[in-house]
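Here the working numbering is used: the first residue of the sequence shown is 6, the next is one more, and so on. In this text, a Cβ means the ideal position worked out from N, Cα and C, and glycines have one as well.
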Amino acid sequence: MSEFFSESWHRIAKNKISLVASVQIHKQRFRGMTWYVLRDTFNDKFFRIRPEAYQFLMHLTPEKTVEEVWENFIETRPEVAPGQEELIQLLSQLHDANLLYFKNRPDSTRIFERHQKHKTQKTQQQLFSIFFSKFSLIDPDAFLNWCSPVIHKLFSARFAVIWFAIVISGGVAVIEHFDELRDQSQGMLAPDNLFWFFIALFFLKLWHEFGHAMMCKRFGGQVHSMGVMLLILTPLPFMDATASWTFRNRWHRALVGAAGMIAELFVAGIAALIWANTGAGTLHSLCFNLMTIASISSLVFNGNPLIRFDAYYILSDILEIPNLAQKAQRQWLFWIQKYAFGVDDISPSQTQKESLWLGFYGLLSFLYRLLISVGIILFTADEWLILGFMMATLTAITLIFIPAYRSLNYLYASPQIHRKKSRAYGVSAVFLMAVLSLFFVPYSSEIEATGVVESTHFVSVFAETNGYLKKINVKNGQLVSQGDTLLEFTNNELELSVQIIRAKLVEEQISLAQARNENISDLDSIAKHITVLEQHLESLLKDEKKLTIIAENSGVWVAPEFNPKLNNWFKRGIKLGVIINPSEYRFTAVVTQEQAFDLFEGNVQLKGEVKLRHNTKPTFTTETVHIIPYEQHELPSAALGWLGGGEIAITHNAKSTGKEAAESFFEVRTLLQSSENTAFFHGSSGILRLELPPKSFINKALRTIDQTLLKRYKLG
Numbered sequence: 006m007s008e009f010f011s012e013s014w015h016r017i018a019k020n021k022i023s024l025v026a027s028v029q030i031h032k033q034r035f036r037g038m039t040w041y042v043l044r045d046t047f048n049d050k051f052f053r054i055r056p057e058a059y060q061f062l063m064h065l066t067p068e069k070t071v072e073e074v075w076e077n078f079i080e081t082r083p084e085v086a087p088g089q090e091e092l093i094q095l096l097s098q099l100h101d102a103n104l105l106y107f108k109n110r111p112d113s114t115r116i117f118e119r120h121q122k123h124k125t126q127k128t129q130q131q132l133f134s135i136f137f138s139k140f141s142l143i144d145p146d147a148f149l150n151w152c153s154p155v156i157h158k159l160f161s162a163r164f165a166v167i168w169f170a171i172v173i174s175g176g177v178a179v180i181e182h183f184d185e186l187r188d189q190s191q192g193m194l195a196p197d198n199l200f201w202f203f204i205a206l207f208f209l210k211l212w213h214e215f216g217h218a219m220m221c222k223r224f225g226g227q228v229h230s231m232g233v234m235l236l237i238l239t240p241l242p243f244m245d246a247t248a249s250w251t252f253r254n255r256w257h258r259a260l261v262g263a264a265g266m267i268a269e270l271f272v273a274g275i276a277a278l279i280w281a282n283t284g285a286g287t288l289h290s291l292c293f294n295l296m297t298i299a300s301i302s303s304l305v306f307n308g309n310p311l312i313r314f315d316a317y318y319i320l321s322d323i324l325e326i327p328n329l330a331q332k333a334q335r336q337w338l339f340w341i342q343k344y345a346f347g348v349d350d351i352s353p354s355q356t357q358k359e360s361l362w363l364g365f366y367g368l369l370s371f372l373y374r375l376l377i378s379v380g381i382i383l384f385t386a387d388e389w390l391i392l393g394f395m396m397a398t399l400t401a402i403t404l405i406f407i408p409a410y411r412s413l414n415y416l417y418a419s420p421q422i423h424r425k426k427s428r429a430y431g432v433s434a435v436f437l438m439a440v441l442s443l444f445f446v447p448y449s450s451e452i453e454a455t456g457v458v459e460s461t462h463f464v465s466v467f468a469e470t471n472g473y474l475k476k477i478n479v480k481n482g483q484l485v486s487q488g489d490t491l492l493e494f495t496n497n498e499l500e501l502s503v504q505i506i507r508a509k510l511v512e513e514q515i516s517l518a519q520a521r522n523e524n525i526s527d528l529d530s531i532a533k534h535i536t537v538l539e540q541h542l543e544s545l546l547k548d549e550k551k552l553t554i555i556a557e558n559s560g561v562w563v564a565p566e567f568n569p570k571l572n573n574w575f576k577r578g579i580k581l582g583v584i585i586n587p588s589e590y591r592f593t594a595v596v597t598q599e600q601a602f603d604l605f606e607g608n609v610q611l612k613g614e615v616k617l618r619h620n621t622k623p624t625f626t627t628e629t630v631h632i633i634p635y636e637q638h639e640l641p642s643a644a645l646g647w648l649g650g651g652e653i654a655i656t657h658n659a660k661s662t663g664k665e666a667a668e669s670f671f672e673v674r675t676l677l678q679s680s681e682n683t684a685f686f687h688g689s690s691g692i693l694r695l696e697l698p699p700k701s702f703i704n705k706a707l708r709t710i711d712q713t714l715l716k717r718y719k720l721g
């Protein structure tokens, strides 16, 4: 708890102050507790205080000093009287927000320092807020008052039914034309579509901001600021609807926050219906951009509470935790001060449950903000490489160097840890050493690669001619010898062709005999025709012979998929099964180019473990891992590709076999030692884990960055 008396009390005790005349006060209920929101109508700033602080502020007048008011407050209401330290903090915050009036002359030096501090902070925010910055231009409140009758009709229960019908119908239309949507989305950032993209983006953001403003006006709020914001250096309109913060009904505040998404999704639904029912052209392209941008911005950005867009304020209003992000940061600071530095301070949360919620939210929001920053940088760099590098530099400064500087400054100058400075320095040093060890101390690493079990000696059996499966002579898993009949096919057309060719040969033999007696000049042509027919017959007889599948070598016949397929038609070239040698098996895994870099670095003796999906035994350890030093494009089994349920992307033209990988890869092979307790199945899948030499985190991070630059931008 904060101290009741303070050594700094003399700085404010003799001041005669009060709230400025432009401050409006609004009473609100948050989580069953009464709060008061102070609003400065001159600059639209807001400040939330508890009832005890409100009662004290109401007693402040330019005729009495702060100390006189405080002493009188202690006499009349000692049970709720704030301490000196608490009052100093409250009045300092109100002073920083320019909400206090001083009758006597304040400390000009401190005011100048505060002005310079605010000016510096504003400059820093404009410099580093390249992702999001605002510039106010006009006051739209008079226009919104003129539109008020229409606004009340738009945001009504009757119109809500229309909204749901339009949005659902648009969603159904998108699902029905999903293939067309996917194809058209690939050219969304093409030069010929950029014009429509920015037209749609500007219109939607203007409509989005008007949605907030109209909903705010619907519940009696005022909107006095409209201008331009820069989002990733893209100029977009904005309106300031922060007047909703004074609404007593939290659901009204939440609706104001959701109004932008409501407006965008309505446009997306209409655009989807038009897009689905029009052909290629200007209207079709414009509606495609409208529905795509509106849905993505609403669901991915504005609908995500982890970043400070619409869903963040909606969540704050529903949970009744104003300034959610700031309180989450303060919660983490409180935990660090209390448990790491031993500093006793006031927790920003009211209950233990709220503190856990704030801590969880703060961690998730930081991680997501980091993730979205990396995504935006990569997206920007893909289009404009230099701009992407500039954004990466500023992001590193904003997320790493500035917080590090502030942390050092806090350790050095913060009065809160003055008495615990030795412990704070010690804990900070240990933490820094732990971070450095994480980055620079090598630790073990591994690679996981999917693969399949193969016999080291196996022969694939294919259908060498077309035919119907007539008879299966061996069962799956049965041991066969060389020369055994495996499968028998039949082909009536082939048999008929053989009969026809034989009949023609008989006719030609008769014609040849007649020519010898009657017309010797025809002998040569008839003889050539007979030769052609004999060659054709020989070819047909070979195909007929191929209808019977004979084992070329001894082994185990593996073809489980043919048991239920009697009398089915098989085309030439279809794989029928394999004859495997069960004495020795290997595991063939697929390693991506990024993973293979570590495998080829230096003379590395690899060790691995194989985990098979069909086998109950946890792992098979192997020390004979061999890397095939050539890039491959055809997967060893279709089970490793997307069509077979695997993890490797395949090309679109490989749908017939599912084995043509989208990117080249390397094969890694290892022998599997069989025993009485283990059984291997040719073609079964599994995972190979390869143990790599120890590497530090910083080494891996630099390697990943280098590979990304080389792969995406051909730099490195």
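What are the start and end residues of the beta strand (DSSP E) that includes glutamine 227?
Here residue 227 refers to the residue found at position 222 when the sequence shown is read from its first residue. First-last for glutamine 227: undefined, no H or E at that position.
Pick from Ile17, Phe160, Ile30 that is closest to glutamate 90, judged by C-alpha positions:
In the sequence shown, counting from the first residue as 1, residue 90 sits at position 85. Looking at the Cα atoms, Ile17 is the closest of the given residues.
Please go through the same chain and pick out, in chain order, the residues whose beta-carbon is closer than 8 Å to the beta-carbon of leucine 96, but skip the five residues on each side of it.
Sequence index remark: in the sequence shown, residue 96 carries index 91 (1-based). The residues are Ile17, Ile22, Val71, Leu105.
Through-space distance from threonine 495 to leucine 542, alpha-carbon basis
For the purposes of this step, residue 542 is taken as residue 537 along the sequence shown, with counting starting at 1. For the purposes of this step, residue 495 is taken as residue 490 along the sequence shown, with counting starting at 1. Computed Cα separation, rounded: 17 Å.
Helix or strand or just coil, what does DSSP make of valine 435?
The sequence position of residue 435 within the sequence shown is 430, counting from 1. DSSP places valine 435 in helix when its eight states are reduced to three.
Going by other Cβ atoms of all chains shown within 10 Å of its Cβ, with 16 needed for buried, is glycine 482 buried or exposed?
Residue 482 sits at position 477 when you count from the first residue of the sequence shown. Its Cβ having fewer than 16 others within 10 Å, glycine 482 is exposed.
What residues in its chain sit with their C-beta under 7 Å from that of leucine 324, if we drop five residues either side in the sequence?
For the purposes of this step, residue 324 is taken as the residue at position 319 of the sequence shown. Cβ within range, chain order: n/a, list empty.
Can you find the residues in the same chain that come closer than 7 Å, C-beta to C-beta, to phenylalanine 339, ignoring five residues on each side of it along the sequence?
In the sequence shown, counting from the first residue as 1, residue 339 sits at position 334. Once the five neighbours on either side are set aside, the close Cβ partners of phenylalanine 339 are Asp350, Ser352, Pro353.
Is it true that the region 461-468 meets the region 697-714, where meeting means three or more beta-carbon pairs spaced less than 8 Å apart?
Counting Cβ pairs under 8 Å, fewer than three are found: no touch.
Determine the burial state of valine 596: buried for a count of at least 16 other Cβ atoms within 10 Å of its Cβ, exposed for fewer.
As a first step, residue 596 is located in the sequence shown; it is residue number 591 there, counting from the start. Classification of valine 596: buried, given that the 10 Å Cβ count is 16 or more.
Determine which residues share a DSSP beta bridge with aspartate 625 and list them.
Reading the sequence shown from its first residue, position 620 is the one you call residue 625. With the sequence shown as reference, residue 625 is identified as phenylalanine, and aspartate is not the correct amino acid for it. Its beta-bridge partners are Val615.
Helix, strand or coil at leucine 43 according to DSSP, with G and I counted as helix:
Numbered from its first residue, the sequence shown carries residue 43 at position 38. Three-state result, leucine 43: strand.
Residue range of the alpha helix (DSSP H) that isoleucine 584 falls in?
Here the question's residue 584 lines up with position 579 in the sequence shown. Run containing isoleucine 584: none in the alpha helix (DSSP H); it sits in the beta strand (DSSP E), 580-585.
Close Cβ partners of serine 153 (< 7 Å) along its chain, the five nearest in sequence each way excluded
In the sequence shown, counting from the first residue as 1, residue 153 sits at position 148. Cβ neighbours of serine 153 beyond the five flanking positions: Lys222.
Quick one: measure Cβ to Cβ for alanine 276 and methionine 296, integer angstroms, because I've assumed they're closer than 8 Å.
Locating residue 276 in the sequence shown gives position 271, counting from the first residue. Locating residue 296 in the sequence shown gives position 291, counting from the first residue. With 8 Å as the limit, alanine 276 and methionine 296 qualify as a contact, their Cβ atoms being about 4 Å apart.
Would you kindly report the start and end of the unbroken alpha helix (DSSP H) that includes arginine 424?
Taking the first residue of the sequence shown as position 1, residue 424 is located at position 419. Premise fails: arginine 424 is in no alpha helix (DSSP H) and is neither H nor E.
Terminal residues of the continuous beta strand (DSSP E) containing alanine 666?
Here the question's residue 666 lines up with position 661 in the sequence shown. Note, alanine 666: beta strand (DSSP E), 665-677.
Phenylalanine 203 in three-state terms, based on DSSP:
Your numbering for residue 203 matches position 198 in the sequence shown. Helix, per DSSP.
Cβ-based neighbour list, leucine 545, same chain, cut-off 7 Å, excluding 5 preceding and 5 following:
Counting from 1 along the sequence shown, the entry for residue 545 is found at position 540. Contacts found: Leu499, Ser502, Val503, Ile506.
Beta-ladder partner(s) of glutamate 459, from DSSP
Position 454 of the sequence shown holds residue 459. DSSP lists Arg591 as partners of glutamate 459.
Assigned exposure category for aspartate 387 - 16 Cβ within 10 Å defines buried:
Position 382 of the sequence shown holds residue 387. That one is exposed.
Cα separation between leucine 676 and histidine 631?
In the sequence shown, the residue the question calls residue 676 occupies position 671. In the sequence shown, the residue the question calls residue 631 occupies position 626. Whole-angstrom Cα-Cα distance: 9 Å.
Kindly indicate the opening and closing residues of the beta strand (DSSP E) around tryptophan 562.
As a working mapping, residue 562 is identified with position 557 in the sequence shown. 560-563 is the extent of the beta strand (DSSP E) around tryptophan 562.
Based on the DSSP output, what are the partners of phenylalanine 140 in its beta bridges?
Counting from one through the sequence shown, the residue named residue 140 turns up at place 135. Per DSSP, the beta bridge partners of phenylalanine 140 are Val233.
Along the chain, where does the alpha helix (DSSP H) that runs through valine 74 open and close?
The residue labelled residue 74 in the question sits at position 69 within the sequence shown. Start and end: 71-81.
In angstroms, rounded to a whole number, what distance separates the CA positions of glycine 262 and valine 446?
In the sequence shown, residue 262 corresponds to position 257, counting from 1. In the sequence shown, residue 446 corresponds to position 441, counting from 1. Cα-Cα distance, rounded: 47 Å.
Between the CA atoms of leucine 443 and alanine 706 - distance to the nearest angstrom:
As a first step, residue 706 must be located in the sequence shown, where it is residue number 701. As a first step, residue 443 must be located in the sequence shown, where it is residue number 438. Going from the Cα of alanine 706 to the Cα of leucine 443 covers about 12 Å.
Burial state of aspartate 529 (16 or more Cβ within 10 Å)
One-based indexing of the sequence shown puts residue 529 at position 524. With fewer than 16 Cβ atoms within 10 Å of its Cβ, aspartate 529 is classed as exposed.
Which residue's Cα is closest to the Cα of lysine 358: Leu604, Ala333, Ala454?
Position 353 of the sequence shown, counted from the first residue, corresponds to residue 358. Residue Ala333 is the option with its Cα nearest to lysine 358.
Beta carbon of leucine 99, beta carbon of tryptophan 75: below 8 Å?
Taking the sequence shown and counting its residues from 1, one reaches residue 99 at position 94. Taking the sequence shown and counting its residues from 1, one reaches residue 75 at position 70. In this structure, tryptophan 75 does not lie closer than 8 Å to leucine 99 by Cβ.
Please report the distance separating the alpha-carbon of histidine 213 from that of tyrosine 318.
Start at 1 with the first residue of the sequence shown, and residue 213 comes out as number 208. Start at 1 with the first residue of the sequence shown, and residue 318 comes out as number 313. Cα to Cα, histidine 213 sits roughly 15 Å from tyrosine 318.
I'd like to know whether the C-beta atoms of leucine 491 and alanine 556 end up nearer to each other than 8 Å.
Within the sequence shown, the letter at position 486 stands for residue 491. Within the sequence shown, the letter at position 551 stands for residue 556. In this structure, leucine 491 lies near alanine 556, with their beta-carbon atoms less than 8 Å apart.
Would you kindly report the start and end of the unbroken beta strand (DSSP E) that includes glutamate 523?
Working through the sequence shown from its first residue, we reach residue 523 at position 518. Here glutamate 523 belongs to no beta strand (DSSP E), and DSSP marks it neither H nor E.
Can you list, in chain order, the residues of its chain whose CB lies under 7 Å from that of methionine 266, leaving out five sequence neighbours each side?
Reading the sequence shown from its first residue, position 261 is the one you call residue 266. Closer than 7 Å at the Cβ level, and outside the excluded window around methionine 266, lie Ser303, Asn307, Gly308, Asp315.
Is threonine 495 helix, strand or coil when you go by DSSP?
The residue you call residue 495 lines up with position 490 of the sequence shown. It is a strand residue.
In angstroms, rounded to a whole number, what distance separates the CA positions of asparagine 77 and tryptophan 40?
Here the question's residue 77 lines up with position 72 in the sequence shown. Here the question's residue 40 lines up with position 35 in the sequence shown. Rounded to whole angstroms, asparagine 77 to tryptophan 40 spans 23 Å at the Cα level.
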